[in-house]
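Report on the following structure.
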């Protein structure tokens with residue numbers, strides 16, 4: 001009897017296991033049937049297994065979406081996406097080969113090739129986004145700025161808010177014996193150049209770099225120092241700094257926590273400015289050319305997906321996951337769904353605060369890179385005068401629109417993007433005055449642009 005019972009139990013177990021197995025097979029099969037088939041033309045990728053880095057910011061979104069929506073897998077790529085602690089760590093790990101590529105500050109590959117900081121041959125075939133940053137001040141600073149800001153008929157501040165409103169506040173701090181301190185995320189970050197541009201446009205000196213002094217605080221009326229993005233709100237709340245320039249969601253986090261007020265965005269400082277880039281080493285690209293094209297294809301598709309407004313809510317959910325940005329959905333949605341909140345309750349429509357595809361956002365324009373070179377020279381990170389040709393020659397070794405075009409042409413062939421989305425360009429945008437001070441930037445005349453500023457280095461016309 002015992003043997004019979006044992007055999008019966010075993011038989012029941014086998015039936016259950018087989019049933020579960022068949023059920024799983026049916027589920028898998030049904031899921032596969034329901035998923036649209038990829039139309040990607042698979043390249044012979046040299047390295048299918050890849051590890052990419054990022055910092056916990058909204059603008060890492062193309063990486064998260066390319067992974068979560070299967071765009072990497074469509075290209076035969078199996079990608080791990082890993083959060084990094086700070087921008088220096090990102091740079092070092094890409095240079096040392098611990099990461100195959102990474103979400104990076106636009107200034108990082110440029111500085112690495114131009115002579116500031118750690119030197120390396122890095123390239124970017126893909127621009128990750130436009131806009132996306134803001135400048136936030138503490139509640140105390142805001143209360144003192146507010147009387148200096150014109151108001152509209154609705155009694156709300158008129159935007160854009162210029163740093164002219166901050167100037168008397170800085171004087172008050174100085175007269176009371178306090179140095180006015182603000183944070184930015186890295187010496188060659190867009191944030192450093194944007195906050196400097198905003199301050200200097202109002203006649204506030206943000207400090208200079210020299211060969212011997214890389215703190216960037218010589219002659220400074222505002223002391224700028226580095227704070228990692230996720231630490232910005234806590235550092236502001238502790239009173240260590242009185243304001244900062246950072247990407248999302250860390251401006252909206254200050255509003256959400258009630259500790260600070262965003263006063264302007266980089267859309268107002270430079271309309272539709274480039275922000276982050278995707279970076280690999282020159283060595284990696286030379287050894288794995290098809291892999292570089294395949295990665296770029298997946299990221300372009302991710303950017304296009306992100307700029308469909310119907311997808312933004314899903315994007316917010318994905319970014320809120322702990323392995324990506326890990327911020328509350330309500331905070332991420334404040335900027336990712338077409339609005340931006342300044343003072344608590346002052347939420348305004350900003351449909352272009354985060355742009356991932358339109359306006360040729362993904363194309364690595366030489367002119368965008370040259371703007372960063374002009375700011376490095378203006379503030380002394382590049383300490384010596386450079387001839388005119390140096391600017392274009394330097395950036396053409398770093399920005400690689402040729403890789404982008406190969407990827408985009410394949411996507412057109414596959415029907416993933418329209419041919420009209422490939423810009424007809426020599427790599428340079430037309431001259432623009434879309435800056436908070438109205439100055440004209442012509443990337444083919446970088447020396448004239450540098451010399452047009454009252455504050456900063458002047459370039460010799462060599």
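Numbering (our numbering), first residue to last: 1 to 462.
Beta carbons: idealized from backbone N, C-alpha and C, even for Gly.
Query                                                                                                     : Result
Beta bridge counterpart(s) of residue 465 as assigned by DSSP                                             : Coverage of the chain is limited to positions 1 through 462, which leaves residue 465 absent and any answer about it impossible.
Burial state of residue 450 (16 or more Cβ within 10 Å)                                                   : buried
Contact set for residue 272: own chain, Cβ-Cβ below 6 Å, skip 5 residues either direction                 : 130, 359
Short Cβ contact (7 Å threshold) for residue 112 with residue 167                                         : no
Counted within 10 angstroms of its Cβ, other Cβ atoms place residue 465 as buried (16 or more) or exposed : What is shown of the chain runs 1 to 462, which leaves residue 465 out entirely.
Through-space distance from residue 154 to residue 116, alpha-carbon basis                                : 47 Å
Buried or exposed (CB count within 10 angstroms, at least 16 for buried), residue 321                     : exposed
Per DSSP, cross-strand counterpart(s) of residue 157                                                      : 151
Local conformation of residue 136 per DSSP, three classes                                                 : strand
Beta-carbon proximity of residue 517 to residue 107, cut-off 7 Å                                          : Residue 517 is absent from the structure shown; the chain starts at 1 and stops at 462.
Where residue 348 falls, given that 16 or more other Cβ within 10 Å makes a residue buried                : exposed
Test item: CB-CB of residue 53 and residue 79 under 7 Å                                                   : no
Near the ligand ZN: residue 293 beta-carbon under 6 Å from a heavy atom                                   : By its list of ligands, the structure shown contains no ligand whatsoever, and the ligand ZN lies outside what it can speak to.
Through-space distance from residue 127 to residue 429, alpha-carbon basis                                : 14 Å
8 Å contact criterion, which residue 318 and residue 95 should meet: CB distance rounded                  : The Cβ separation is near 29 Å, so there is no contact.
Buried or exposed (CB count within 10 angstroms, at least 16 for buried), residue 196                     : buried
Residue 442 versus residue 370: straight-line alpha-carbon distance, rounded                              : 9 Å
Where residue 92 falls: helix, strand or coil (DSSP)                                                      : helix
Sufficient close CB pairs (3 or more, under 8 Å) joining the segment 218-230 to the segment 305-319       : no
Burial state of residue 281 (16 or more Cβ within 10 Å)                                                   : buried
Reduced DSSP secondary structure (H/G/I, E/B, other) of residue 103                                       : strand
contact_flag[the segment 400-410, the segment 384-392] where n(CB pairs < 8 Å) is 3 or more               : no
Nearest residue (CA-CA) to residue 295, options 287, 278, 304                                             : 278
Inter-residue spacing [alpha-carbon to alpha-carbon] between residue 420 and residue 404                  : 15 Å
Endpoints, alpha helix (DSSP H) assigned at residue 121                                                   : Note, residue 121: premise wrong, no alpha helix (DSSP H); not H, not E.
Cβ of residue 114 within 7 Å of any chain D Cβ                                                            : The structure shown contains no chain D; it is built from a single protein chain.
DSSP beta-bridge partners of residue 182                                                                  : 224
Alpha helix (DSSP H) segment containing residue 232, residue limits                                       : 232-237
Unbroken stretches of the beta strand (DSSP E), 3 residues or longer, contained in the segment 394-424    : none
Option in 152, 145, 180, 173 with minimal Cα separation from residue 164                                  : 145
Of the listed residues 243, 453, 299, nearest to residue 135 (C-alpha basis)                              : 243
Proximity of residue 62 and residue 299 at Cβ, strictly below 7 Å                                         : yes
Residue range of the beta strand (DSSP E) that includes residue 339                                       : 339-341
Same chain only: Cβ atoms within 8 Å of residue 114, ignoring 5 sequence neighbours per side              : 373, 376, 382, 394
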